[in-house]
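Residue numbers (my numbering): 1 to 224. Cβ atoms here follow ideal geometry from the backbone N, Cα and C, with glycine treated the same way. Small disclaimer: the values here were computed from a predicted structure and weren't measured. Each remark here refers to the structure printed beneath this line.
Take a look at the structure:
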């Protein structure tokens with residue numbers, strides 16, 4: 001863990017919280033020691049990441065309108081970017097997962113790496129506070145912003161939101177309606193609702209991917 005702390009650039013007061021961030025559900029489900037998966041940390045890390053990136057680009061991109069800020073943020077926090085950040089840390093080699101999951105190359109799966117990166121953000125936030133988490137996140141985000149060729153990312157959710165918000169009374173919600181497959185090969189199914197009507201349905205290997213695909217179907221049905 002000391003080596004990983006050096007890579008992260010943060011020394012934990014409670015190393016157990018980092019261990020939790022590295023624990024995949026497949027390991028937790030088979031563990032007899034009561035180990036908990038990193039899913040709750042992933043949930044918190046997603047929110048912490050969003051506020052850090054939103055605040056940073058708001059302050060540093062003063063000429064960008066709201067729609068462009070949303071698209072820029074989406075490109076920085078999407079699964080592809082988070083997976084790449086996790087790979088830079090070599091996070092996969094430290095993940096705790098079942099033997100079956102590792103045999104299936106789970107430590108290299110983009111969705112697992114992206115989730116683990118968010119969990120690590122949450123672990124730093126809980127152990128050391130927002131400023132430590134901010135310093136960690138910006139190590140990865142700032143070089144992306146300075147890149148002359150930003151990574152392309154088609155953010156269907158943001159596009160759909162921009163269309164819908166033209167009518168303030170309309171409300172979009174994403175509902176997880178199904179999960180299929182074993183822990184090492186989950187497939188999530190999500191519906192996007194406009195008020196009480198289903199306008200799109202999509203699937204993916206992560207909830208975020210499924211939401212994007214549901215939004216993509218909704219846009220297609222709306223003629224976009």
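Pairing residue 12 with residue 3 gives a Cβ-Cβ distance that is not under 8 Å. DSSP lists 173, 198 as the beta-bridge partner residues of residue 193. For residue 58, the enclosing alpha helix (DSSP H) begins and ends at 39-60. Non-local beta-carbon contacts of residue 104 in its own chain, meaning distances under 6 Å to residues more than five positions away in sequence, involve 184 in chain order. By the criterion of a C-beta distance shorter than 6 Å, residue 44 is surrounded in its chain by 122, once the five residues flanking it on both sides are discounted. Scanning the segment 85-124 for uninterrupted beta strand (DSSP E) segments of 3 residues or longer gives nothing; none is fully contained. Residue state for residue 67 is assigned as helix, using DSSP reduced to three classes.
Under the 8 Å Cβ criterion, the segment 195-205 does not count as touching the segment 128-140, having fewer than three qualifying pairs. Per DSSP, reduced to three states, the secondary structure at residue 24 is coil, with no helix or strand assignment. Approximately 15 Å separates the beta-carbon atoms of residue 126 and residue 51; this is outside 8 Å, ruling out the contact. Per the Cβ contact rule, the segment 105-121 is in contact with the segment 31-48 (3 or more Cβ pairs under 8 Å). Residue 213 and residue 204 do touch by the CB rule: their CB atoms are close to 6 Å apart, below 8 Å.
Looking at the DSSP output, residue 187 bridges to 180. In the displayed model, residue 129 falls within coil according to three-state DSSP, outside both helix and strand. Contact check between the segment 82-91 and the segment 163-179: fewer than three CB pairs, one atom from each, fall below 8 Å, which does not count as touching. Taking the Cβ atoms as the reference, residue 189 lies roughly 12 Å from residue 200, outside the contact range of under 8 Å. Nearest in C-alpha terms to residue 49, of all of 67, 73, 61, is 73. Exclusion of the five residues before and after residue 171 leaves 195 as the residues of its chain whose Cβ lies within less than 7 Å of its Cβ. Minimum Cα-Cα distance from residue 128 among the listed residues 15, 181, 1 corresponds to 15.
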